[in-house]
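Here is the structure we will look at.
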Amino acid sequence: MSPRSLVLVLLAALAAAACGSGTPTTTIVPKSDAPVASPTDAPVASPTDAPVATATDAPAGDTAVEIFDNGFRASNLTVAAGSTVTWTNIGDRPHSVRSTDSGFEGSDVLSGGGTYEHTFDAAGTFAYVCGIHASMTGTITVKP
Ligand SMILES: [Cu+2]
């Protein structure tokens, strides 16, 4: 009787081990879904870049920058000399546009819905930052 009990214990242990190894196999299945999500994100990024390229190609004209919580979109914008750039705060928090190197005047604090515009006549690179959130930075590159 004792040897048979040992056999039963061993069989039970093997069965438990089999169940244990089966669980990780089930976990791998959801991981296969992750790569599917990545390709979905890639096409989304491409259309976002497209409008920026279009604005870059525009000879001269108004260009919009969105201020959201918390960042500038597009954060790096290239425009032609003579372009008027308009910043619009689409977020809920107050933000501002402060020239990093005094290259342009900059705005007061803009509450939600507030706008600020500046016409860039001279070519150059104009860095700016939110006067409230130092992590919010942007650059306007003006081409002649
Ligand atoms: Cu801000």
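Residue numbers for the sequence shown, in the working numbering: 372 to 515. From the three backbone atoms N, C-alpha and C, an ideal C-beta is built for every residue, glycine too.
**Report entry** Segment contact flag, the stretch 441–453 with the stretch 469–477, C-beta cutoff 8 angstroms, min 3 pairs
**Finding:** no
**Report entry** Helix, strand or coil at alanine 494 according to DSSP, with G and I counted as helix
**Finding:** Under the three-state reduction of DSSP, alanine 494 is assigned to coil, being neither helix nor strand.
Query - Helix, strand or coil at threonine 471 [DSSP, three-state] - result: Three-state DSSP puts threonine 471 in coil, outside helix and strand.
Report task. Confirm, please, whether the CB-CB distance from asparagine 460 to glycine 485 is below 7 angstroms. Result -> yes
Query - Counted within 10 angstroms of its Cβ, other Cβ atoms place threonine 434 as buried (16 or more) or exposed - result: buried
Query raised in the report: To the nearest whole angstrom, what separates the beta carbons of aspartate 492 and alanine 452, a pair I think is in contact under 8 angstroms?
Result: About 6 angstroms separates the Cβ atoms of aspartate 492 and alanine 452, confirming a contact at the 8 angstroms cut-off.
Requested in this report: Take the Cβ of serine 454 as the centre, count every other Cβ of all protein chains shown within 10 Å, and call the residue buried at 16 or more, exposed below.
Outcome: buried
Requested in this report: Specify which residues have a beta carbon nearer than 6 angstroms to any heavy atom of ligand 1, listing them in chain order.
Outcome: After applying the 6 angstroms Cβ criterion, the set is Asn441, His466, Cys501, Ile503, His504, Met507.
Report task. For valine 480, count neighbouring Cβ atoms within 10 angstroms of its own Cβ and tell me buried if that reaches 16, exposed if not. Result -> exposed
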